[in-house]
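The structure appears right after this line, and notes come after that.
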Amino acid sequence: MWGDLQRAAGASERLVELINTRSLIEEPATTVATASSARPELRMDDITFCYPTRPKQPALQNFTLHIAAGKSLALVGPSGAGKSTVFELLLRFYDPQQGRILLDGTDIRAMHLKQMREHIALVPQQPALFTGDVRYNIAYGKLDATDDEVIAAARAAHAHDFIAALPEGYASHLGEMGVRLSGGQRQRIALARAILNDPKILLLDEATSALDTESEHQVQLALQELMHNRTTVIIAHRLSTILHADTIAVLDKGQLIATGTHEQLLRDCPLYTRLASLQFRETEASAERPSGEQTGSEQLSAARYSESASAPGLSVPG
Ligand SMILES: Nc1ncnc2c1ncn2[C@@H]1O[C@H](COP(=O)(O)OP(=O)(O)O)[C@@H](O)[C@H]1O
Ligand SMILES: [Mg+2]
5 MWGDLQRAAG ASERLVELIN TRSLIEEPAT TVATASSARP ELRMDDITFC YPTRPKQPAL
65 QNFTLHIAAG KSLALVGPSG AGKSTVFELL LRFYDPQQGR ILLDGTDIRA MHLKQMREHI
125 ALVPQQPALF TGDVRYNIAY GKLDATDDEV IAAARAAHAH DFIAALPEGY ASHLGEMGVR
185 LSGGQRQRIA LARAILNDPK ILLLDEATSA LDTESEHQVQ LALQELMHNR TTVIIAHRLS
245 TILHADTIAV LDKGQLIATG THEQLLRDCP LYTRLASLQF RETEASAERP SGEQTGSEQL
305 SAARYSESAS APGLSVPG
């Protein structure tokens with residue numbers, strides 16, 4: 005018993021600590037009305053930001069980025085480039101030391117925190133599912149949602165069919181003793197949760213882990229529909245996602261290196277070309293494509309080829 009008691013004592017100390025944690029984010033005494041446009045634009049204006057635990061090393065530096073109203077932007081870059089930090093600042097989990105974030109032209113620090121965040125849905129890389137049934141997990145952000153709303157959100161996330169096929173449908177229990185879902189299924193539940201609130205801004209951190217082919221395809225279809233006409237920022241790892249975004253922004257070491265379309269960046273941004281050939285995963289089966297159309301990976305190998313062909317080391321002197 006003594007060991008158990010000691011562990012429990014340690015845990016309760018930590019619990020009290022957590023409960024007493026104060027947020028560093030302060031709300032202004034008087035707040036301005038939050039953006040009301042259906043498709044807001046976002047602007048990060050000359051941001052420099054260091055995490056409180058690393059005050060000397062900026063995670064973002066002189067970072068300026070514009071996300072046009074109703075458009076989608078894919079963030080790509082090596083690990084540690086600052087992609088997740090962009091999300092944390094957009095959600096105002098931290099305030100930058102320099103610069104501003106504007107939502108429809110208004111500094112988010114002047115806004116009512118809860119109202120501001122209500123416009124935004126975040127789908128994290130590894131979404132948390134709670135012990136409870138499927139319905140509860142989808143309705144978590146809007147507990148008064150009707151069954152019809154929950155089902156509509158699940159349909160939009162391409163999750164309805166697999167949920168309906170579970171032993172108890174939407175009442176199927178998730179969690180330790182419940183049904184086990186695949187990575188792709190979990191992601192689609194998280195998407196449904198995000199859609200249910202019909203957010204004006206969608207932030208999506210795409211899973212890096214491999215999904216089964218069917219799930220991957222379904223997630224892709226759901227994403228395309230969700231991104232359409234909604235201000236969306238995606239930390240993208242899959243080529244198919246990147247190709248569907250309106251603009252691609254390349255980040256490296258806390259800075260914005262380039263923005264453009266896939267073709268522009270393949271041409272003008274060596275880092276992007278390198279990332280594209282090494283990291284982006286191709287999902288579409290090339291066999292399904294009509295002949296004559298290049299698949300992404302064919303384009304990439306062509307790009308890789310032309311890059312290496314023009315590399316100085318390979319040219320024959322004389
Ligand atoms: N909570 C944190 N505290 C301190 N440093 C962090 C924290 N989160 C990220 N960083 C650092 O900030 C930089 C950017 O990280 P991140 O935004 O997570 O990159 P990415 O998502 O592109 O991989 C990295 O150097 C990382 O180590
Ligand atoms: Mg990250």
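Note that our numbering has the sequence shown beginning at 5, numbered continuously upward.
By construction, the Cβ of each residue, glycine as well, lies at the ideal position given by its N, Cα and C atoms.
Values in this document were obtained by computation on a predicted structure and should not be read as measured data.
Check, Outcome
"If I measure Cβ to Cβ from arginine 234 and keep anything under 8 Å in the same chain, skipping five residues before and after, which residues do I get?", "Arg43, Gly74, Ser76, Pro203, Lys204, Ile205 and Leu206"
"Give me the Cα-Cα distance between leucine 195 and valine 20, rounded to the nearest whole angstrom.", "33 Å"
"Using DSSP bridges, identify the partner residues of phenylalanine 67.", "Ile51"
"Kindly provide the ranges of any alpha helix (DSSP H) runs that are 4 or more residues long and lie completely inside the segment 156-231, ordered along the chain.", "164-168, 187-200 and 217-231"
"Please report the residue range of the beta strand (DSSP E) in which alanine 262 lies.", "259-264"
"Ignore the nearest five residues each way along the sequence and tell me which others in tyrosine 1's own chain have a CB closer than 6 Å to its CB.", "With the chain covering 5 to 322 only, the question about residue 1 has no answer from this structure."
"Can you tell me where the alpha helix (DSSP H) holding glycine 14 begins and where it ends?", "6-24"
"Any idea which residues DSSP pairs threonine 251 with across the strands?", "Leu77"
"Using a Cβ-based criterion (distance less than 7 Å to any ligand heavy atom), does isoleucine 238 qualify as near ligand 2?", "no"
"By the 10 Å Cβ neighbour count, where 16 or more other Cβ atoms means buried, how is alanine 175 classified, buried or exposed?", "exposed"
"Inspect the beta-carbon positions of arginine 192 and alanine 163 and report whether they are closer than 8 Å.", "yes"
"If you count every other CB in all the chains shown that lies within 10 Å of the CB of glutamate 246, and 16 or more means buried, which is it?", "The amino acid at residue 246 is misidentified as glutamate; the sequence shows isoleucine. Label assigned to isoleucine 246: buried."
"Could you tell me which residues DSSP puts in a beta bridge with isoleucine 29?", "For isoleucine 29, which the question treats as bridged, DSSP gives no partner whatsoever."
"When the distance is taken between beta carbons, is glycine 145 closer than 8 Å to leucine 200?", "yes"
"Going along the chain, which residues of its own chain have a beta-carbon closer than 8 Å to the beta-carbon of isoleucine 155, five neighbours each way excluded?", "His164 and Tyr174"
"Does the beta-carbon distance from phenylalanine 53 to leucine 117 come in below 8 Å?", "no"
"Taking the alpha-carbon positions, what's the valine 333 to aspartate 49 distance?", "Look at the range of the chain in this structure, 5 to 322, and you will see that residue 333 is not part of it."
"Mind checking who isoleucine 124 pairs with in its DSSP beta bridge?", "Ile205"
"Any residue with its Cβ nearer than 5 Å to a heavy atom of ligand 1 should be included. What is that list in chain order?", "Tyr55, Thr57, Arg58, Ala63, Ser83, Gly84, Ala85, Gly86, Lys87, Ser88 and Thr89"
"Excluding sequence positions up to five away, which residues of its chain have a Cβ less than 6 Å from the Cβ of alanine 85?", "Leu255 and Asp256"
"Can you tell me the Cβ-Cβ gap for alanine 240 and alanine 78, rounded? I've got them flagged as a contact below 8 Å.", "4 Å"
"Who are the Cβ neighbours of leucine 69 in its own chain at under 7 Å, not counting the five residues just before and after it?", "Met48, Ala253 and Leu260"
"Between which two residues does the alpha helix (DSSP H) harbouring leucine 94 extend?", "87-94"
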